[in-house]
Each structure stands twice: as structure tokens, then as C-alpha cells.
Amino acid sequence: MDSYSPKTYYIRTFGCQANMADSSTLAGILESLGFEHVEEPKSTKNDHDLYMHLLPQTDLFILNTCSVRQKSEDKVYGLGKVLKELTEKGKKKPFVVLAGCMVGSVTGERQRYAFEELKKRTPWVDLYINPSQVFDLPNLLQREAILDEWAVKKYSAFNIKPVINDKKSAFVNISYGCDNFCTFCVVPYARGAEVSRSEEEIVTEIKHLAGRGITDFTLCGQNVNSWGLDRKTKFQIRTGSDHVLPFAGLLKTVHEIEGVQKINFLSSNPFDFTADLIETIKLPKIDNYLHIAVQSGNNEVLKNMNRRHTIEDFYYLVNKIKEAKPTAELGTDIIVGFPGETEDQFMDTVELFKKVKFNVAYISIYSVRKGTNAEKFLTDDVPLKEKKRRHAYLSKVWKETLR
Ligand code: SF4
Numbered sequence: 008m009d010s011y012s013p014k015t016y017y018i019r020t021f022g023c024q025a026n027m028a029d030s031s032t033l034a035g036i037l038e039s040l041g042f043e044h045v046e047e048p049k050s051t052k053n054d055h056d057l058y059m060h061l062l063p064q065t066d067l068f069i070l071n072t073c074s075v076r077q078k079s080e081d082k083v084y085g086l087g088k089v090l091k092e093l094t095e096k097g098k099k100k101p102f103v104v105l106a107g108c109m110v111g112s113v114t115g116e117r118q119r120y121a122f123e124e125l126k127k128r129t130p131w132v133d134l135y136i137n138p139s140q141v142f143d144l145p146n147l148l149q150r151e152a153i154l155d156e157w158a159v160k161k162y163s164a165f166n167i168k169p170v171i172n173d174k175k176s177a178f179v180n181i182s183y184g185c186d187n188f189c190t191f192c193v194v195p196y197a198r199g200a201e202v203s204r205s206e207e208e209i210v211t212e213i214k215h216l217a218g219r220g221i222t223d224f225t226l227c228g229q230n231v232n233s234w235g236l237d238r239k240t241k242f243q244i245r246t247g248s249d250h251v252l253p254f255a256g257l258l259k260t261v262h263e264i265e266g267v268q269k270i271n272f273l274s275s276n277p278f279d280f281t282a283d284l285i286e287t288i289k290l291p292k293i294d295n296y297l298h299i300a301v302q303s304g305n306n307e308v309l310k311n312m313n314r315r316h317t318i319e320d321f322y323y324l325v326n327k328i329k330e331a332k333p334t335a336e337l338g339t340d341i342i343v344g345f346p347g348e349t350e351d352q353f354m355d356t357v358e359l360f361k362k363v364k365f366n367v368a369y370i371s372i373y374s375v376r377k378g379t380n381a382e383k384f385l386t387d388d389v390p391l392k393e394k395k396r397r398h399a400y401l402s403k404v405w406k407e408t409l410r
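One gets this note's numbering by counting positions in the sequence shown from 1 and adding 7 to each.
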């Protein structure tokens, strides 16, 4: 591809809200550099058809990947076949950028497996960028002769206006990465150490979006409660403690921004949900729905997951939230069939569901993720058939609590 030719881009996003917010930023960067978005067709039967339609019209194609489940990674590998088919039909191959957690997993200080392994499986990729390199995209493209120097010189990360397709709501990343190292999770490797964005940057972005008519904001991070805290302090904080959280202060600041009507935040963990934060959720613009990942109803399992909270902490938190905001609706994440989970321990999770009556529950079957501490130190000893039974049983119990 000549350095002056790229004009169109398309971004395919997998995974969580953090990735969606990164994709909005990447789109904002590309549009500030003169790229135009390729529109999706109104309907396509499957990924293959979508790619066959989009790729020939696209100069720069970004796949923003997720590593949380193997299924998401497999979808990315599937693109190779489509690109081969295109080339065989004599069609143009776009410049392909692989971004997101699959790249984060093999680069930086915390690597889950060798970069070479990913490269071998994705020979069709022209450039790899990890989540901490999002704002460096113009320089990286220039290095690949995809952008002229003058374009990069004009670029200023501070002036980027994220591209939001939704007319009403937006995800805004307030922090990147995670230091919690839950034993089942790839995020601390894929997204690296936890880094908070400055209040100035966050407020500027929200004011800009509010000025364009966006009213509902979700503040995103892997662990939003610890926004603005140093590593030592954040691990001293405990459920319901009196510690004053900078994050509670940030919520109050965002609450005051003109045009903001609704504020949500994701993800929150039980271990550092302080009294201060419980008080803050009473503010009228804070959404009724709170998502707090509990993961299991049993203390032994929680310990093996390195979750830093006990089930008693969680029950205490739920009571305090309901006292502060009786209309609050709760959502959570659960893993069934974690290594060593006995029938009795699983039944503690069932008990939790009966007591708390979650409005939303994402129930997952445990699967080994390469390079995590659970893979290294624990045995995946619950048979798949039993995991599926627990998943079905808990899902049924949850549905009954909704009635
Ligand atoms: S808090 Fe735990 S589950 Fe959440 S991103 Fe961090 S390591 Fe993963």
C-alpha cells in the first residue's frame, strides 16, 4: 500500500466495554487523520459475509481483540481464511492491525505466552498494537509507511474526539489494566498494570460528548473503585471501610457536568467498595443498576480465586447498598466449576442466588486460560459434564428468583 493511499478504515471489536471505548478512541484518532469509516451492510448472514463485503473497500482494518474466552480468540484466527479467499479472488488485502488483549497478552512486562506463537497463528497481520499503545497509533502507522510525517505532526492525542455511534450513551475509560490477579483471569497480562487516566482528561472527554448530546455515561475500568490510588493503598482498602475513595470524588465531579443525565460504572469489585462509595450511589444521576462481580458464594473458592473478599463481606455490602438505595438493582458475574469446587461449595453459590436475587447474572463455566495462576497452580478437576450441570442448575435457580 502506498503511503498516500489509505483513506478508509473499519474496526471490528470483540469483548468488553473497555474495548468498545478503545475502539471509539481509535476511530477518533483515524478520523482526525482524515480516514473515513466503511459502513456495514444492513444485513449479513455471518462473519464471513461481513468480511467479504467490507474488506475489499477497506484500506485499514483493525481487529480489537478479547482474550477472556478461547471462543473470542478463535473468531480472530478465522479472519486468516477470509483474507486468503480474497487474495485468491484477486481482491485487495487491507493493511491489518491486530489490537487489544490478544496482543497485550504477549507483549509488555506480563506475558502469558510467546509473541512468536501469536505471530505464527496470524501471519496476515501487518501491525500489532497492545491496549497501552492506542494513542500511539499514528506513529506506529507512520513507521509502517501508512501515514505521512505531516499527518502525524498535526496529530494531538489531547484533541481526539472519540467516535460514538450511539446517540445517547457512551463508554469512557477511566483506567486501564488491572493489578488484582484473580487466578482465573487474563486481564492483568492482556491489559498490563493498572493506570488511571487523569481527572482532567476524563472530564474533558465527558464534557465534549455531553456537548454533542450524549446524556448517559458508563465509566469503565477493570476495577473502577481503585481509580486514582497507588498500588500500596488500593490493597489496604476493605469492603465498607471509611477510606475516602478518589473514585467517589470523580463520580461527584461527573455528576455536576452539564448535560450528564445518567452515570453507570463498570467493573466494581466487592473488596474495595467503601462506605464513601455506598454514600455516593445515592446521587440522583447514578443509575439504579450496580454491577458487582462476586464470582462464587464460597470462601474457600474465593480464596483460590484470589478475590480479596469473603462472602460475608459481600452480604454486608449488599445490605448497605439496599439501605442506602432501596431501588438499587444488582448484577453480578459468577464462575461455576472452578478448580476444586465441590458440590457443597457450589451449593453455597446457589444459596447466595436465593438470598440476593440478582437482577442480572452472567454465569460462566470455568475454562483454563493459558498463563494464569489457576492454570499453573490448580487442577481443572471438575468434569465438563458436571460444570454444564452446575451452569444449568444455577441458571434455573436464578430465573426462578426473577419471578
Ligand atoms: S479484578 Fe480480577 S477478574 Fe477483574 S480484571 Fe482484574 S484480575 Fe480480572
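Ideal Cβ positions, reconstructed from N, Cα and C, are used throughout, including at glycine.
Just so we're clear, the structure is a prediction, and the values are computed from it rather than from any experiment.
Could you have a look at residue i and say whether DSSP puts it in helix, strand or coil?
| i | result |
| --- | --- |
| F272 | strand |
| I372 | strand |
| Q302 | strand |
| N180 | strand |
| T260 | helix |
| Y58 | helix |
| V103 | strand |
| M8 | Residue confidence for M8 is low, a pLDDT of 46 falling below 50, so the modelled location carries little weight; the figure read from the coordinates is stated next. If DSSP states are grouped into helix, strand and coil, M8 belongs with coil. |
| V202 | strand |
| F242 | coil |
| L90 | helix |
| D340 | strand |
| Y162 | coil |
| L134 | strand |
| F280 | coil |
| V367 | strand |
Rounded to the nearest angstrom, what separates residue i and residue j at their Cα positions?
| i | j | result |
| --- | --- | --- |
| S205 | E95 | 48 angstroms |
| L236 | K98 | 51 angstroms |
| T363 | N180 | Note that residue 363 corresponds to Val in the displayed sequence, not to Thr. Spanning the two alpha carbons is a distance of roughly 29 angstroms. |
| V83 | K160 | 32 angstroms |
| G87 | V141 | 23 angstroms |
| V210 | V261 | 7 angstroms |
| T114 | K78 | 21 angstroms |
| T65 | S31 | 18 angstroms |
| A177 | N26 | 12 angstroms |
| K127 | R150 | 22 angstroms |
| L409 | A164 | 46 angstroms |
| A158 | E43 | 15 angstroms |
| Y373 | F345 | 5 angstroms |
| Y319 | Y400 | Residue 319 is actually Glu in this sequence, not Tyr. Whole-angstrom Cα-Cα distance: 23 angstroms. |
| E156 | P195 | 34 angstroms |
| E382 | N276 | 22 angstroms |
| D173 | T190 | 35 angstroms |
| K392 | L154 | 52 angstroms |
| K259 | K292 | 10 angstroms |
| V375 | A197 | 15 angstroms |
| Y162 | P169 | 14 angstroms |
| N53 | M59 | 10 angstroms |
| G184 | E116 | 12 angstroms |
| V104 | E307 | 42 angstroms |
| Y369 | T339 | 6 angstroms |
| L148 | F102 | 10 angstroms |
| L226 | K403 | 31 angstroms |
| D9 | K377 | Below a pLDDT of 50, predicted positions are generally treated as unreliable, and D9, at 44, falls in that range; the measurement from the model is reported next regardless. Their Cα atoms are separated by approximately 39 angstroms. |
| I69 | K361 | 43 angstroms |
| E336 | E124 | 43 angstroms |
| I244 | L309 | 17 angstroms |
| G41 | A152 | 16 angstroms |
Is the Cβ of residue i closer than 8 angstroms to any Cβ of chain B?
| i | result |
| --- | --- |
| P130 | Any reference to chain B falls outside this structure, which holds one protein chain only. |
Per DSSP, residue i is paired with what?
| i | result |
| --- | --- |
| Q118 | Note: Q118 sits in no beta bridge, so no partner. |
| H44 | Y16 |
| L297 | L337 |
| F68 | Y17 and V103 |
Beta strand (DSSP E) containing residue i: first to last residue?
| i | result |
| --- | --- |
| N187 | From DSSP, N187 is part of no beta strand (DSSP E); its letter is neither H nor E. |
| R76 | Taken as a continuous stretch (DSSP letters only), R76 belongs to no beta strand (DSSP E), as it is neither H nor E. |
| I18 | T15 to T20 |
| F224 | D223 to C227 |
What residue range is occupied by the uninterrupted alpha helix (DSSP H) comprising residue i?
| i | result |
| --- | --- |
| G347 | Unbroken run through G347: none, as it is neither H nor E. |
| W405 | L391 to L409 |
| N380 | N380 to F384 |
| A197 | V194 to A197 |
| F321 | I318 to A331 |
| S39 | Q24 to S39 |
| P145 | L144 to R150 |
| V110 | C108 to G111 |
Notebook entry, point to check: Residues near the ligand SF4, CB to any non-hydrogen atom under 7 angstroms, in chain order?
Noted result: C185, N187, F188, C189, C192, V194, P195, Q229, N230, S274, N276 and A300
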